[in-house]
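S.K.:
In the working numbering, the protein residues as written are 3 to 256.
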C-alpha cells in the first residue's frame, strides 16, 4: 500500500537525515515519477524538506519546543480572543479542567475576573496561582513532578489524582494539530496526564492559535474523534479550516 511505502520512506529519510533522489529511487526500487510523487506528498505534509536533487529530514524541527519565555507572548492578541470565546463554553455550576498552556492561561485570567461559581482542576501552578484568590471558584491543583522551566505537573502522583477526578469540560492545549493524526505534543512525559484529562472529562475543547496547524510534533495526544470542538483565531487559513471540517471537526475561528 502507498501509505505503508510513504511511512517506510519517511523513516529512511529521518534515519539518514539527508538522501539524494537517485539514492531513494534505487533503495525503494521505484520509478522517478513515483518517487517524485511520494516526496511531494511528504513535503506537503511538512515532514521533509525538498532540495535540488535531494531531501532533508525535518525531525530536528519537529522536536524543537520553544521555551515558555518565548511562548507566553507569541500571538498574544489571538490567544486572548480565543480565551474570550472559550468563556462562552462555561456556565455556573460547571466543573472544568484547565490544561497547562499559554492560551488556556489567558482563559484562567478571564475566569479570575468573573463571577462564575465553578470548580476548576488544573495541572498548571501558574493557573492555580491566578485562580487561588477567587472568592467562589473551587480550585483543585493537581500536584506532582513540576517540569523544569515550565509550570506543568506530571508523573505518577499527578496521574493517580487525575484517575480520581471527573469534569464537565476540558480546555486542552496542544503543540500541533495534524490533519491525519489529530492533536500532537512534544513531550512524552506529558502524554499520560493529557490522555487522562481527556478521559475524565465529558467534553474536550482544544484552545490553540493558528500556528499550531502548521507546526509539527511527534507524539499523538489523541485523534480528532476525542475532541468536541477546536477554538482558534481568524488567522487560520480557510483551506485548513475546510480540511478540518471535511474530517468532521467542529472548528470555531475568532
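Glycine included, C-beta positions come from ideal geometry on N, C-alpha and C. Note that the structure is a prediction, hence the values are computed from the model and not measured.
1. With DSSP collapsed to three states, give me the class of residue 162.
2. Leaving out five residues on either side along the sequence, give the residues of the same chain with a beta carbon under 8 Å from the beta carbon of residue 211.
3. Helix or strand or just coil, what does DSSP make of residue 199?
4. Extract the residue ranges of the alpha helix (DSSP H) inside the stretch 93-154, only unbroken runs of 4 or more that lie entirely within it.
5. Nearest to residue 224 by alpha carbon, out of 253, 204, 180 and 256?
6. Give the DSSP bridge partners of residue 208, in chain order.
7. Do residue 214 and residue 239 have their beta-carbon atoms positioned less than 9 Å apart in this structure?
8. Alpha carbon to alpha carbon, how far is residue 56 from residue 31?
9. Do you know how far the Cα of residue 50 is from the Cα of residue 41?
10. Taking the beta carbon of residue 154 as the centre, do at least 16 other beta carbons fall within 10 Å, making it buried, or is it exposed?
11. Tell me the DSSP secondary structure of residue 76 in three-state form.
12. Who pairs with residue 255 in a beta bridge, going by DSSP?
13. Tell me the rounded alpha-carbon separation between residue 108 and residue 114.
14. Below 8 Å on the Cβ atoms is my guess for residue 160 versus residue 146; work out the distance and round it to an integer in Å.
15. Flag this pair as yes or no: are the beta carbons of residue 121 and residue 90 separated by less than 9 Å?
16. Let's see if you can read the secondary structure: which residues bound the alpha helix (DSSP H) around residue 39?
17. DSSP three-state call for residue 51: helix, strand or coil?
18. Provide the residue(s) that pair with residue 221 in DSSP beta bridges, ordered along the chain.
M.R.: The short version:
1. In the chain shown, residue 162 corresponds to position 160, counting from 1. Correct three-state label for residue 162: helix.
2. Along the chain shown, read from residue 1 onward, the residue named residue 211 stands at position 209. Correct list, in chain order: 76, 77, 80, 81, 84, 105, 234, 235 and 237.
3. In the chain shown, residue 199 corresponds to position 197, counting from 1. DSSP, read as helix, strand or coil, puts residue 199 in helix.
4. Correct list: 104-114 and 127-133.
5. As a working note, residue 224 is residue 222 in the chain shown. Considering only alpha carbons, the answer is 180.
6. By one-based count along the chain shown, residue 208 stands at place 206. In the DSSP output, where bridge partners are listed per residue, residue 208 has 174 and 232.
7. Indexing the chain shown from 1 puts residue 239 at position 237. Indexing the chain shown from 1 puts residue 214 at position 212. Not a contact, by the Cβ cut-off of 9 Å.
8. Here residue 56 refers to the residue found at position 54 of the chain shown. Here residue 31 refers to the residue found at position 29 of the chain shown. When rounded, the distance between both Cα atoms is 16 Å.
9. Working through the chain shown from its first residue, we reach residue 41 at position 39. Working through the chain shown from its first residue, we reach residue 50 at position 48. Per the coordinates, the alpha-carbon of residue 41 lies some 8 Å from the alpha-carbon of residue 50.
10. Along the chain shown, read from residue 1 onward, the residue named residue 154 stands at position 152. Residue 154 is buried by the Cβ-count criterion.
11. Taking the chain shown and counting its residues from 1, the one referred to as residue 76 is at position 74. Coil, per DSSP.
12. Your numbering for residue 255 matches position 253 in the chain shown. DSSP output for residue 255 lists 234 as bridge partner(s).
13. In the chain shown, the residue the question calls residue 108 occupies position 106. In the chain shown, the residue the question calls residue 114 occupies position 112. For the pair residue 108 and residue 114, the Cα-to-Cα distance works out to about 10 Å.
14. In the chain shown, counting from the first residue as 1, residue 160 sits at position 158. In the chain shown, counting from the first residue as 1, residue 146 sits at position 144. Between residue 160 and residue 146 the beta-carbon gap is near 3 Å, inside 8 Å, which marks them as a contact.
15. Within the chain shown, numbered from 1, the residue matching residue 121 stands at position 119. Within the chain shown, numbered from 1, the residue matching residue 90 stands at position 88. Residue 121 places its beta carbon 9 Å or farther from that of residue 90.
16. On the chain shown, residue 39 is found 37 positions in, with the first residue counted as 1. Taken as a continuous stretch (DSSP letters only), the alpha helix (DSSP H) holding residue 39 covers 34-46.
17. To locate residue 51, count along the chain shown from 1; it is residue 49. Secondary structure of residue 51 (DSSP, three-state): strand.
18. Residue numbering aside, residue 221 sits at position 219 when the chain shown is read from its first letter. BP columns for residue 221 point to 187.
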